[in-house]
Each structure stands twice: as C-alpha cells, then as structure tokens.
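Here the sequence shown stands for residues 218 to 324, where the numbers follow this note's numbering. Shown next, in structure tokens, is the structure this report addresses.
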Amino acid sequence: MNDYEILFQKYVKELKEAIEEEKEFLDPNLDKERYEYELSISGRVIAVFRKYWFECDKLNDNEENEYYVNPKDFCVDWLSGEHEELFRIIEKIPYYPIGIDEHGNYV
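What follows is the structure, given as structure tokens:
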C-alpha cells in the first residue's frame, strides 16, 4: 500500500466520524438531497475535507514520492464506488473551501 492509499484510509475513517457527529444536529425528516447537502457544508466535514486536501498536497511535495495525486481527485473522486455514500455527500459541496496564494500554494 502506498502513502496515498494509507492517507485515504485515514480520510475515509475521519470523514465517516465527522458525518456521524453532524447527523446528530440535522433534521432526519429532510429530503435525502437536502440532508446530504447539509452534511456537506457542516463544519466538521469541511474541516476533514480541507485537512486531507492539504495532506495530499503535502505528499505531492515530497520528492521521495514517485506518484502525484490531484487533491480534488483524492478528496472527491476516490470516494466514488466503494464509498458511494460519502461520495454523494462530498460531491454536494457547493465550492471547494480551498484557496491559492500568490505563490500557487493551497491555503
């Protein structure tokens, strides 16, 4: 297993935990689309998303790594399939809460 796969396992675990915590604060009677959207914009979910975006980017900066993984692919697309429930939530984020500074670095 490479460094990205190990990091992805941690991301999935932490994302599941954040979503479970946030579910306690949502109205379970919301329709499914609205419920997933509300989860996607919750503070804990956004914090996990940002954390692992930056962690993926940090791995990309490591010259010893032979791979490059786009952080968007890592945080969103890799969830598709095996983690479809998580994917459906994360794909509803209305914008990626990531900026780029004057040096081209994620902030």
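For glycine and all other residues, C-beta sits at the position ideal for the given N, C-alpha and C.
Q: Could you tell me the boundaries of the alpha helix (DSSP H) in which residue 233 lies?
A: Start and end: 220-240.
Q: Taking only the alpha-carbon atoms, compute the straight-line gap between residue 273 and residue 245 and give it to the nearest angstrom.
A: When rounded, the separation of the alpha-carbon atoms in residue 273 and residue 245 is 33 Å.
**Q.** Cβ neighbour criterion (16 or more within 10 Å) applied to residue 269
**A.** Burial state of residue 269 is buried, judged by a 10 Å Cβ sphere holding 16 or more other Cβ atoms.
Q | For residue 268, the first and last residue of its enclosing alpha helix (DSSP H) | A | Element bounds for residue 268: 260-278.
**Q.** Beta-ladder partner(s) of residue 252, from DSSP
**A.** Under the DSSP definition of a beta bridge, residue 252 lacks any partner.
Q.
I need the boundaries of the alpha helix (DSSP H) containing residue 306, first residue and last residue.
A. Annotation for residue 306: the continuous alpha helix (DSSP H) segment containing it runs 301-307.
Q. In terms of alpha-carbon separation, which member of 218, 322, 318, 293 lies closest to residue 263?
A. The residue with the shortest Cα to Cα distance from residue 263 is 293.
Q. Hey, quick one: how far does the alpha helix (DSSP H) through residue 288 stretch, first residue to last?
A. Where residue 288 is concerned, the enclosing alpha helix (DSSP H) stretches over 288-292.
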